[in-house]
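Its first residue numbered 0, the sequence shown is counted upward by one per residue in numbering that gives the first Met the number 0. All residues carry an ideal CB built from backbone N, CA and C; glycine is no exception.
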Amino acid sequence: MVIVMTPTATPEDIEAIVGLVGAAGGEAFVSRGVSRTIIGLIGDVERFAALNLGGQRGVAEVMRVSTPYKLVSRENHPERSTVRVGGVPIGPETVTLIAGPCAVETPQQTLAAAEMAKAAGATLLRGGAFKPRTSPYAFQGLGEAGLRILADVREQTGLPIVTEVVDAHDVPLVASYADMLQVGTRNTQNFALLQAVGKAGKPVMLKRGMSGTIDEWLMSAEYIAQRGNLDIVLCERGIRTFETATRNTLDVSAVPVAQRLSHLPVIIDPSHSGGRRDLVLPLTRAALAVGADGVIIDVHPHPEQALCDGPQALVTEDLPALAQTMQTFSPLMNRTLVSQTLCQSARPPQSLV
Ligand code: PEP
Ligand code: MN
């Protein structure tokens with residue numbers, strides 16, 4: 000940690016800081032410049048944070064030199080991580096396509112959407128049984144009945160499932176069905192939920208808060224990691240800006256920034272970013288070009304009847320273009336598109352499981 004003093008700071012102000020830091024068990028190194036003094040601190044940053052150093056007389060600025068997140072930081076873990084979801088990799092060497100309906104509505108609709116996902120080359124199935132809706136009058140999801148549908152569709156298609164959990168109390172239930180737990184944008188700072196998914200023993204997809212900074216997002220990931228779970232995939236899904244032509248503004252910079260700060264994989268959700276079917280493919284191309292480790296995309300057999308997010312769901316006619324985009328862009332980025340055959344050959348034979 001570094002403290003920059005104001006040009007008018009007195010020797011007493013500087014001594015007061017040195018005294019406070021010493022009393023907190025740290026060491027303070029004072030460098031006097033021509034117009035300003037800088038104090039470098041060594042010791043427990045969390046204890047320094049409690050000293051209100053920024054509020055002391057003569058202090059202009061307090062800066063952290065090391066990142067406040069430790070377990071998810073790349074500082075302590077330079078190699079980028081690969082997270083495996085039911086045998087499917089998400090990481091720096093590959094591109095992973097996750098697709099499925101926004102919400103599980105019926106067994107037929109979920110199976111049809113899963114078949115669409117498969118036709119586009121997806122290796123993981125998305126679908127919400129617990130939906131975090133802005134309006135209490137909107138469809139809230141089928142709950143456990145939806146989880147059972149997902150489990151049946153996994154059985155029928157072989158696709159592992161990614162599904163959202165919205166309440167800490169539901170984590171054991173959702174984790175008993177899911178291959179990956181999704182924490183949505185409205186819950187990125189629901190710390191009790193983050194701690195609960197950290198203990199659930201399943202990989203987690205953590206979306207970025209719609210009004211959250213990248214640092215806040217990584218601190219949320221740290222909550223999960225701190226409970227013993229480092230199998231976390233970050234998902235950029237668009238942020239709130241003044242723009243109203245799109246549902247959210249896709250922050251493509253978040254991918255290389257988060258990948259530089261953290262070893263965790265980073266994927267993009269082009270469906271919830273743009274909120275419009277016609278934007279999904281252009282935003283998917285942007286995601287792959289910027290180095291995302293995967294994309295998560297809404298598909299629906301009958302979006303006009305969808306109970307949630309129909310306008311952004313791809314339809315059957317869009318799937319060849321999606322598959323083509325994934326196949327063309329992945330090698331351009333020196334990555335392998337994760338395919339169903341790749342995952343099957345990587346899985347141990349059933350008799351050994
Ligand atoms: C979703 O993926 O269905 C969802 C609710 O996403 P977000 O949390 O990004 O809005
Ligand atoms: Mn949705």
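Taking the continuous beta strand (DSSP E) assigned at residue i, which residues delimit it?
| i | result |
| --- | --- |
| Leu123 | 123-125 |
| Val17 | First-last for Val17: 10-22, but that is the alpha helix (DSSP H), not the beta strand (DSSP E). |
| Arg31 | 26-31 |
| Thr7 | No beta strand (DSSP E) holds Thr7; DSSP gives it neither H nor E. |
| Leu40 | 36-41 |
Between which two residues does the alpha helix (DSSP H) carrying residue i extend?
| i | result |
| --- | --- |
| Ala118 | 106-118 |
| Gly273 | 269-273 |
| Leu260 | 253-260 |
| Val44 | 44-48 |
What residues match up with residue i in a beta bridge as DSSP calls it?
| i | result |
| --- | --- |
| Leu141 | DSSP lists no partner for Leu141. |
| Leu336 | Val94 |
| Arg83 | Pro88 |
| Ala102 | Gly127 |
| Val61 | Ile2 |
| Thr353 | Summary: the structure shown does not reach residue 353, with the chain confined to residues 0 through 352, and so no result is reported for it. |
| Ser72 | Ser261 |
Less than 8 Å separating the beta-carbons of residue i and residue j?
| i | j | result |
| --- | --- | --- |
| Gly290 | Val254 | yes |
| Thr162 | Leu146 | yes |
| Phe28 | Ile38 | yes |
| Ile2 | Leu40 | yes |
| Arg236 | Gly274 | no |
| Gly24 | Gly42 | yes |
| Ser292 | Gly90 | In the sequence as presented, Ser is not what sits at residue 292; that position holds Asp. A contact, by the Cβ cut-off of 8 Å. |
| Thr81 | Thr122 | no |
| Val10 | Ser34 | The amino acid occupying residue 10 in the given sequence is Pro; Val does not appear at that position. No, these two residues do not count as a Cβ contact at 8 Å. |
| Val103 | Ala128 | yes |
| Ala177 | Ala195 | no |
| Ala322 | Arg276 | no |
| Thr184 | Met209 | yes |
| Gly149 | Gly120 | Checking the displayed sequence, the identity of residue 149 turns out to be Leu instead of Gly. Result no, Cβ atoms of Leu149 and Gly120 do not sit closer than 8 Å. |
| Ile223 | Val203 | yes |
| Lys206 | Thr187 | yes |
| Arg387 | His262 | There is simply no residue 387 to check, as the chain begins at 0 and stops at 352 in what is shown. |
| Met4 | Val58 | yes |
| Leu260 | Ser219 | no |
| Leu272 | Leu249 | Rather than Leu, the amino acid found at residue 272 in this sequence is Ser. Their beta carbons are under 8 Å apart, which means Ser272 touches Leu249 by this criterion. |
| Cys101 | Asp268 | no |
| Ile213 | Val256 | yes |
| Thr335 | Thr93 | yes |
| Ala113 | Leu158 | yes |
| Ala116 | Gly140 | no |
| Leu306 | Phe138 | yes |
| Ala118 | Leu280 | no |
| Ala199 | Val165 | no |
| Ala15 | Gln55 | yes |
| Met0 | Val71 | no |
| Ala144 | Pro300 | no |
| Pro67 | Val337 | no |
So is residue i in contact with chain B if we call contact Cβ pairs under 8 Å?
| i | result |
| --- | --- |
| Gly293 | Any reference to chain B falls outside this structure, which holds one protein chain only. |
Quiz item: What residue ranges within the region 147-235 form continuous alpha helix (DSSP H) runs of no fewer than 4 residues, ordered along the chain?
Solution: 170-176, 190-197, 213-225
Quiz prompt | the ligand MN site residues, beta-carbon cut 6 Å against heavy atoms | solution = Cys101, His271, Cys307, Asp308
Quiz item: Which ranges would you report for the beta strand (DSSP E) in the region 286-340 if only whole runs of at least 3 residues count?
Solution: 293-297
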